[in-house]
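Before any comments, here is the structure.
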Amino acid sequence: MLKIIKIKNFATIDFLEIDFCGGLNVLSGETGAGKSIIIESLNFLFGKTKGLDVIRTGEKEGYVTAAFDLNESVKDGLIGIFAESDVEGLIDLESSDGLNLKRALTEGGKSRYFINGEPVNKNLAEKLGENLLKIFGQNDRRFLIDPVSQLAFLDDFSGSETLLKETKKIYSEIKKILSEKEEITKKIDGISRIKTLNSYIVNDVENLNIKSADEEEILKQELKKLENANVIKELILNSIDLIDGDEYGILKHLALLISNLSKLSELDSAFKKTEGLKNAETAKIEVEDILLFLEKYSASEFDEERFNEIRLKIDAVIGIENKYNVSGLEELLKLYDEAKQELGGIAELERRVAEIDGEYETLKENFLRISEELHERRIKSASILEKQIEKELLFLKIKPIFKINIDKTDFEKSFSETGLDGCIFMFSANPGEEPRALSKVASGGELSRISLCILKILNKRKDTATFIFDEIDAGIGGDVANFVGSALKSISESNQVILITHLAQVSSFADRHFFVYKEVINGKTYTRIKELNEEERITETARMLSGDSKGEAALMHAKEILKNRGRF
40 MLKIIKIKNF ATIDFLEIDF CGGLNVLSGE TGAGKSIIIE SLNFLFGKTK
90 GLDVIRTGEK EGYVTAAFDL NESVKDGLIG IFAESDVEGL IDLESSDGLN
140 LKRALTEGGK SRYFINGEPV NKNLAEKLGE NLLKIFGQND RRFLIDPVSQ
190 LAFLDDFSGS ETLLKETKKI YSEIKKILSE KEEITKKIDG ISRIKTLNSY
240 IVNDVENLNI KSADEEEILK QELKKLENAN VIKELILNSI DLIDGDEYGI
290 LKHLALLISN LSKLSELDSA FKKTEGLKNA ETAKIEVEDI LLFLEKYSAS
340 EFDEERFNEI RLKIDAVIGI ENKYNVSGLE ELLKLYDEAK QELGGIAELE
390 RRVAEIDGEY ETLKENFLRI SEELHERRIK SASILEKQIE KELLFLKIKP
440 IFKINIDKTD FEKSFSETGL DGCIFMFSAN PGEEPRALSK VASGGELSRI
490 SLCILKILNK RKDTATFIFD EIDAGIGGDV ANFVGSALKS ISESNQVILI
540 THLAQVSSFA DRHFFVYKEV INGKTYTRIK ELNEEERITE TARMLSGDSK
590 GEAALMHAKE ILKNRGRF
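For any residue, its number in my numbering is found by taking its place in the sequence shown, counting from 1, and adding 39.
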């Protein structure tokens, strides 16, 4: 529960300190006195508003602090939030039943948040607010006409938190992998043309059966040899004849030269000192080697089949090079490597799509199983909730009809984080009239009554610290106002309630009544608040009833109402 709130330099407030009780707290006052500033300050505290321009004129800094007493349910929820944040270990709730929050704001717009004196971020403050407070504004009774809210109420009543967490988790996983699949599919579709082109490149190059970038030049050299086979043959034969011809062969002349040099060496010692004979003999050996090579080469026959094969392959290589606008086999092979790599990437994407399809089927199976459990629980709980709401509405002196329609949809058509069910609250306040959708038949007063009935039923578990209602009773009166006050009083027996109201019928149920007013001092406006004693409460109730806080009739009426509520 919210124990104490302190507000400094906020709007028209210079300083306020309010000590709330654990039951029903009422704030009343003239229109424009600043009652809603209390609500605004709490929204500011939990980061729901930026807080720009809220610092009191002429001041440098403002702040809002709040002290909470925590029951075990709320404490367990907060401990879980701290465990997921970076403040675990800094803030100890295990050994304490209290929590202090503060938000300070400078005139430059810089905010700082603190929990039990430790600085924290805005996100953590917002999460705490969701667990510590539920704030309902003047129009928030219309939350009941929203089918999503209606289903949430039913699930809250049925105690389906664990199943909903599982469903939400699986739903998020399904959405995640479907989003991934969509993204991958777009990539695959976007490169389908490139995929086709790359496939052609890979197939064309692999069909060439090329081993290296040098192969084209090697083939061209071999083709050149085969194309000039007759010329080569003729040159070889001429060369053989030059070396070993009967009349003019080089070998015969070398043999005669060696013979002459040998004789000269025997006849003249000067020839022995030269290398002439040795060089002539070496030359003869080398020429004989040349002759051997030429004779062996001349024995090979022209291979027309090989000639045609090489010519076709070179033509094919040149054709592919021209096809893909590259100059040379080296560039073609580079293009081939790139194409193959891209195809491998596409194959990986397609493999991932297949994996996702498998994961999707598993998640879908689990989702359907849990959704079915949720559906069965909702059906059973709806029957119970219908009876309880009808019982709460019997004060109307008619027998209202309240029904909850639950429609289960097909997974392939629609599914959400809450499963496969849609929910519509049906209502009829008139005998003989069939119940219709609450959004179409319920008046503002009826919505107020039904919403409070549901809140009264749901919050008997005391799992929320504080309910704050900002003129939720606006636009109603008479018996409806009495019912609203009674319902709020009933809710406050389990959960603390703070209510801003203009209705005496409602405020008369309060355990603690605060009066909000303004005063002007030296030309500056100040919002003040005070807890009313018995006499002050009678006076304020009279003002709320008739606008006359001094008339004897109004004061008598106020005393009577408060006495009937057991206030005196």
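For each residue, glycine too, the CB sits at the ideal point set by N, CA and C.
{"Item": "Residue range of the beta strand (DSSP E) that includes residue 195", "Value": "Per DSSP, residue 195 belongs to no beta strand (DSSP E); it is in the alpha helix (DSSP H), 186-197."}
{"Item": "Boundaries (first-last residue) of the beta strand (DSSP E) holding residue 11", "Value": "Because residue 11 is not part of the residues shown, which for the chain are 40 to 607, the question remains open."}
{"Item": "Residue closest to residue 121, alpha-carbon to alpha-carbon, out of 474, 159, 87, 107", "Value": "159"}
{"Item": "Residue 46 versus residue 439: straight-line alpha-carbon distance, rounded", "Value": "45 Å"}
{"Item": "Rounded distance between the beta-carbons of residue 565 and residue 68, thought under 8 Å", "Value": "Going by Cβ atoms, the distance from residue 68 to residue 565 rounds to 13 Å, so no, they are not a contact pair."}
{"Item": "First and last residue of the uninterrupted beta strand (DSSP E) at residue 445", "Value": "440-447"}
{"Item": "Endpoints, beta strand (DSSP E) assigned at residue 568", "Value": "563-570"}
{"Item": "CA nearest to the CA of residue 443, picked from 150, 452, 429", "Value": "429"}
{"Item": "CA-to-CA distance, residue 325 to residue 331, given in whole angstroms", "Value": "10 Å"}
{"Item": "Chain-order list of residues whose beta-carbon lies under 6 Å from that of residue 189 (same chain, five-residue window excluded)", "Value": "462, 464"}
{"Item": "Residue interval of the beta strand (DSSP E) (run including residue 460)", "Value": "460-467"}
{"Item": "Assumed close pair residue 537, residue 41 - CB separation to whole angstroms, cut-off 8 Å", "Value": "7 Å"}
{"Item": "Residue 67 beta carbon near the ligand FMN (any heavy atom closer than 7 Å)", "Value": "Within the structure as shown, the ligand FMN is missing, as the structure has no ligands at all."}
{"Item": "Beta-carbon contacts of residue 55 that lie in its chain and below 6 Å, excluding the five residues immediately before and after", "Value": "46, 568"}
{"Item": "Assigned secondary structure, residue 397 (DSSP; H/G/I helix, E/B strand, else coil)", "Value": "helix"}
{"Item": "Of the listed residues 524, 164, 385, nearest to residue 238 (C-alpha basis)", "Value": "385"}
{"Item": "Buried versus exposed, by CB contacts within 10 Å (16 or more), residue 336", "Value": "exposed"}
{"Item": "Residue 213 beta carbon less than 8 Å from that of residue 409", "Value": "no"}
{"Item": "Span separating the alpha-carbon of residue 298 from that of residue 292", "Value": "10 Å"}
{"Item": "Contact between the segment 138-150 and the segment 94-103 (3+ Cβ pairs under 8 Å)", "Value": "yes"}
{"Item": "Classification of residue 197 by the beta-carbon crowding that lies within 10 angstroms, buried from 16 upward", "Value": "buried"}
{"Item": "Host alpha helix (DSSP H) of residue 521 (start-end)", "Value": "517-531"}
{"Item": "Option nearest residue 174 by Cα separation, candidates 509, 588, 578", "Value": "509"}
{"Item": "Inter-residue spacing [alpha-carbon to alpha-carbon] between residue 202 and residue 119", "Value": "18 Å"}
{"Item": "Nonlocal neighbours in the same chain, by C-beta distance under 6 Å from residue 95, ignoring five residues either side", "Value": "48"}
{"Item": "Inter-residue Cα distance where the pair is residue 381 and residue 351", "Value": "30 Å"}
{"Item": "Residue 506 vs residue 530 beta-carbon contact at 8 Å", "Value": "yes"}
{"Item": "Reduced DSSP secondary structure (H/G/I, E/B, other) of residue 210", "Value": "helix"}
{"Item": "Distance between beta carbons of residue 316 and residue 301, contact taken as under 8 Å", "Value": "6 Å"}
{"Item": "Chain C within 8 Å of residue 362, Cβ atoms only", "Value": "Any reference to chain C falls outside this structure, which holds one protein chain only."}
{"Item": "Whole beta strand (DSSP E) elements within the segment 287-316, 3-residue minimum", "Value": "none"}
{"Item": "Residue burial classification, residue 431 (beta-carbon count within 10 angstroms, cutoff 16)", "Value": "buried"}
{"Item": "Rounded distance between the beta-carbons of residue 478 and residue 184, thought under 8 Å", "Value": "4 Å"}
{"Item": "Residue 168 - containing alpha helix (DSSP H), residue span", "Value": "161-171"}
{"Item": "Beta-carbon spacing of residue 452, residue 414 below 8 Å", "Value": "no"}
{"Item": "Contact check, residue 375 vs residue 279, beta carbons under 8 Å", "Value": "no"}
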